[in-house]
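In what follows, a structure is listed as structure tokens, so that the remarks can point back to it.
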Amino acid sequence: MLGPPALAAEPAPASPPAAVRTYATLDPGSLLLFSATIDGVTLTEGLGAYGLASDPLIPVGELARLLEADIDVAPVERRITGRLGQARTPLLVDLNAGVARAGGRDVTIGERDAAVTPTEIYIRTSVVQKLLGLTIEVADDELTLRMRASEKFPVQARLERQARRPDQGQPGQNNEATLQVAEPYAFFSPPGLDVVLDGGFQSGGNSSTFRYDLRFAGDLFWSNLQGYLGSDEEGRATNARVMLQRRSLEGDMLGPFRAREVSAGDVYTPALTMGARSVAGAGFAFSTAPLEQTSVFNRIDLRGELPPGYDVELYVNDVLRNSTNQAINGRYEFLDIPLSPGINVVRVVTYGPRGERLEEIQVVNVGAALLRRGEAQMAFGIVEQDTPLLRPRRTSRPLIGDPALFANNGVRAVVSVNYGLTDLISLTAGAARIPQPGGGALGVYSLGGRTSLFGLATQLDAAWNGDGGAGVSVGAAGQFGPLSAVLRHAEYRDGFIDETNLSFDARYRVERRSELTVDSNVNLRGRIVPVSMRVLTNNYEGRSYDMIAAARASSGIGAVLLSAGLEYERRHMRPAATDETLKGYVTASTFRSYKWQVRTSLDYDVLPDFKARFLSLTVDRRLSDTWSLRFGVGQPLDNTHDWNVVASSIYATRYGDFALTGEYDNTDADWRVAAQWSFGLGYDPERGRYNILRTGPGSGGSVLFNAFLDENGDGIRQASESPAPNVALDGAARGAVTGRDGRVLVTGLGAGPTAYMDVNLEKLDNPSVAAPPTKVQLRPRPGRTARVDYPMRPTGGVMVKVELLRDDGQRVGLASVRVQLVRPGSPPIDSVTEFDGSAMFDAVPVGGWRVQLDPLQAAKLRMRLEDGATIDIQGDGDMAPDAVVQVRFDPPLADTTVAAAEGGPR
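Under this note's numbering, the first residue of the sequence shown carries the number 5, and numbering increases by one thereafter.
Written out as structure tokens, the structure is:
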């Protein structure tokens with residue numbers, strides 16, 4: 005979960021609100037059913053497309069499911085995000101902003117090249133080729149899409165592993181409806197838990213070790229309770245946190261405040277534009293701002309869960325910005341992250357010790373954060389600084405920063421208010437009470453404004469404190485051709501401390517600070533390489549200064565994702581001599597054949613001396629769906645004797661993951677052998693008991709999916725009604741299939757504002773059912789299990805033939821007759837006869853039905869049935885026996901002229 009200031013999937017107004025981009029509207033009359041193949045393998049015979057047969061609009065979500073590609077289609081946000089290929093090449097399509105990028109390359113999408121429905125995004129075939137790296141031949145005479153991949157898609161790798169040809173593929177699901185599942189907050193719900201138990205033996209005095217890591221969550225007091233408890237290697241609890249949180253995308257909490265997020269427990273205070281940064285502690289906080297909103301002049305902090313043994317990487321606009329495997333109270337932290345004007349794609353990629361790879365994506369459209377006229381937003385927080393609600397054991401390690409700047413306790417209170425004076429001018433004000441290391445507290449106050457000048461987002465802020473210190477900051481941001489830049493400069497006097505500036509030496513008094521961030525895409529011989537550059541300088545009293553300049557770039561080369569960076573630092577702190585360093589890194593990763601996950605990194609120095617410092621390599625090999633191996637080695641290159649190695653064997657079961665790990669560090673000849681069990685405890689509300697599962701119930705939302713054959717059509721599962729096994733759910737972290745009882749408990753849905761799952765009925769024993777919408781939308785909450793009842797009515801088919809009974813006794817098929825199947829308590833089912841008088845009825849619910857003519861057409865044409873027919877639909881997948889009915893035409897009434905009508909008497 006991305007921590008405060010949170011980034012979530014709700015659009016935020018930029019400066020000022022722009023007109024919504026319009027795209028094509030689908031014409032139902034232009035529906036075309038294509039057969040889709042890839043490298044000669046048929047994926048489906050029924051891909052629904054619209055428009056011209058030579059270059060139709062095709063459904064990206066359905067195509068992604070057929071290719072089993074890592075692509076997320078969000079029609080509500082009109083956005084497509086994903087990663088492609090073994091090099092994990094980034095993909096972004098944001099129709100609201102009119103932006104499309106594939107591997108750093110911009111792709112043009114015109115107004116006629118896309119269409120959006122409530123459950124799908126359609127893009128023209130010629131554009132899809134560029135986005136997905138496919139060659140698509142449109143055989144319009146055969147209605148076939150022949151795709152050729154420059155790199156294998158997961159579906160091809162899976163089919164090769166299975167060493168068999170696929171079935172005919174699943175038909176595309178184009179339901180224009182979504183099954184929305186609302187799960188209101190409850191006074192209490194049984195919590196979900198994620199548990200990691202680790203025990204082993206090692207060299208040294210303490211020969212045995214035991215460690216645990218526990219995460220739990222559930223509803224309490226009509227809010228969501230989230231907690232964490234971790235231990236040291238002697239099994240003693242050392243870290244804990246508890247938070248009670250409630251969110252509302254609509255902003256309907258705390259009465260007139262219209263808060264969108266309210267938290268109590270271990271929370272974070274909001275930050276001011278100058279003076280006060282976001283700090284953790286036990287207390288209370290709320291915000292009325294949209295969850296995704298941020299300003300281009302704000303640097304954000306990202307936080308999320310980090311279990312033992314996990315690594316996490318942060319990518320911003322496809323450039324690797326940071327990585328860590330160090331948890332602070334069970335979480336990772338990426339602080340002081342700058343964003344660029346326009347579209348920002350923030351990716352947090354987590355690598356697990358058992359070969360897991362999880363990726364969270366947030367797309368943020370960053371502007372000057374201008375509000376509409378008269379609109380106001382407020383954020384407030386009050387905490388006992390750096391003091392958790394529960395502290396099992398005291399530690400001397402500071403959690404929030406330099407102890408010379410941050411007190412290890414004391415009440416910190418922060419409030420900030422933003423107000424839209426006009427559509428082009430917004431004002432901001434804030435106040436904070438900041439505990440001081442020497443005791444007492446200091447008041448900090450700020451005022452500022454935001455506007456747009458000459459196409460540039462501009463900012464002016466001033467701040468002062470109770471000791472007479474003050475500061476002023478100005479900034480500008482915008483697009484300059486291919487460059488996206490943010491410039492900010494601040495002046496300080498009388499010892500004003502700006503906590504939002506994390507990159508300064510607290511031993512010296514800062515006088516001024518300048519920062520320039522530039523992002524762009526560089527074309528290197530046809531290869532688009534995203535590049536990010538940042539320069540930061542601090543000037544101190546006595547003409548001392550320091551400077552940091554960094555450049556980073558990432559790009560896919562073949563099946564490998566390469567990232568490289570350089571960071572130059574110059575320090576001139578009088579009276580000491582000038583110190584210069586230049587450090588660099590290179591990382592590479594690949595997901596070779598979707599079985600080998602390889603990551604390596606090299607750290608090196610250029611100044612003061614050129615030398616390689618450290619090399620690491622991690623290899624994960626998935627042998628099967630349940631068994632995988634891991635090997636890792638770390639080698640300090642300035643001391644080749646000090647190497648370390650780790651090897652693991654992991655077995656994944658429905659009861660969690662079991663791992664056996666061996667580690668050896670040659671520095672001191674240390675070794676360790678350990679066994680680890682990672683599992684989750686999820687509550688099954690249907691059976692009223694807990695189930696042992698794989699991890700996920702304690703850190704994200706869960707769903708109890710209940711699929712059954714609804715014989716009586718009331719939507720409620722009766723004891724006599726049969727379950728529906730083999731219903732597949734796509735979209736969860738791990739795919740799920742209903743069991744023999746028609747139920748499955750799905751975990752790992754995350755904790756974002758919304759989540760989607762697709763229901764796949766392809767393997768249903770009897771596919772002849774009338775089902776609810778196959779796209780399910782939820783609002784998952786950590787630890788909460790939402791129940792989704794999925795009633796499917798058994799159906800069958802029947803052919804009804806309508807014959808005209810002539811006066812001479814001959815019978816001929818009658819075309820264009822509207823026929824209905826009717827019964828009490830059910831709406832009529834309509835069909836129209838073809839040229840031979842036959843009408844096909846599909847998906848008819850089980851039971852008895854009566855055939856009748858459409859009353860309006862029958863009255864208009866004076867048709868009547870000679871003898872009615874009754875039909876019994878069994879619902880076993882077989883067609884009911886054909887029914888034949890005869891009709892006659894009555895003569896016209898006196899003084900009435902009836903025009904001849906098609907299908908009338910001859």
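Glycine included, C-beta positions come from ideal geometry on N, C-alpha and C. Only a predicted model underlies this, so the values are computations on that prediction, with no experimental measurement involved.
Separation of F458 and A101 (C-alpha to C-alpha, rounded to the nearest whole angstrom) is 20 Å.
By the Cβ rule, the segment 647–662 does not count as touching the segment 701–716, because fewer than three pairs are nearer than 8 Å.
By the C-beta density criterion, A863 is exposed, having fewer than 16 other C-beta atoms within 10 angstroms. Restricting attention to V349, S420, R454, the CA atom closest to the CA of S430 is found in R454. Along the length of the segment 586–613, whole beta strand (DSSP E) runs at least 3 residues long occupy 600–611, reported in chain order. With a contact defined as Cβ atoms closer than 8 Å, L96 and V103 qualify at about 7 Å. Counting the other CB atoms within 10 Å of its CB gives Y687 a total of 16 or more, which places it among the buried residues.
A direct Cα-Cα distance of roughly 5 Å separates F38 from L51. S628 counts as exposed, since fewer than 16 other C-beta atoms from the protein chains shown sit within 10 angstroms of its C-beta.
As the crow flies, the alpha-carbon of S620 is around 39 Å from that of H493. Counted as a single uninterrupted DSSP element, the stretch harbouring R92 is not any alpha helix (DSSP H), since DSSP gives it neither H nor E. When the five nearest sequence neighbours on each side are left out, the beta carbons in the same chain lying within less than 6 Å of the beta carbon of A759 are those of L753, L782, P784, in order along the chain. Taken in chain order, the whole beta strand (DSSP E) runs of length 3 or more contained in the segment 543–591 are 549–561, 564–576. Here H493 is bridged, per DSSP, to V478, S518. Comparing alpha carbon positions, the residue from V320, I304, D270, P260 closest to R281 is I304.
I365 sits buried, since 16 or more C-beta atoms from the chains shown fall within 10 Å of its C-beta. The segment 319–329 makes contact with the segment 524–544; the number of CB pairs closer than 8 Å reaches 3 or more.
Distance from the CA of F261 to the CA of G255, rounded to the nearest whole angstrom, comes to 9 Å. For the set N413, A380, F410, the Cα lying nearest the Cα of V421 is the one of A380. In the three-state DSSP reduction, T121 falls in the strand class (E or B). The three-state reading of DSSP puts V64 in helix, counting H, G and I together.
Bridge pairing for F635: V623, A651 [DSSP]. Counting along the chain, A863 sits inside the alpha helix (DSSP H) bounded by residues 859–865.
In this structure, G424 lies away from L464, with their beta-carbon atoms at least 8 Å apart. With respect to the C-alpha of A663, the residue from S632, T671, D672, D110 having the closest C-alpha is S632. In chain order, E807, L808, R810, G841 place their CB closer than 8 Å to the CB of V816, counting only its own chain and leaving out the 5 sequence neighbours on each side. By the Cβ neighbour-count rule, D270 is buried, with 16 or more other Cβ atoms within 10 Å of its own. At the C-beta level, A293 and A383 come within 8 Å of one another.
CA-to-CA, the gap between D834 and V792 works out to about 30 Å. Looking from the CA of P32, the closest CA among R69, A40, G660, A119 belongs to A119. Within a 10 Å sphere around the beta-carbon of T671 sit fewer than 16 other beta-carbons, which makes this residue exposed. Here the C-alpha atom of D315 lies approximately 13 Å from the C-alpha atom of S605. The beta strand (DSSP E) runs lying completely inside the segment 707–745 and spanning 3 residues or more are 732–734, given in chain order. In terms of Cβ geometry, E870 and V891 form a close pair [threshold 8 Å].
Excluding five sequence positions before and after G746, the CB atoms of its chain that fall closer than 7 Å to its own CB belong to N710, A711, F712, P727, A728, P729, given in chain order. With contacts defined as CB atoms closer than 8 Å, N469 and G447 qualify as a contacting pair.
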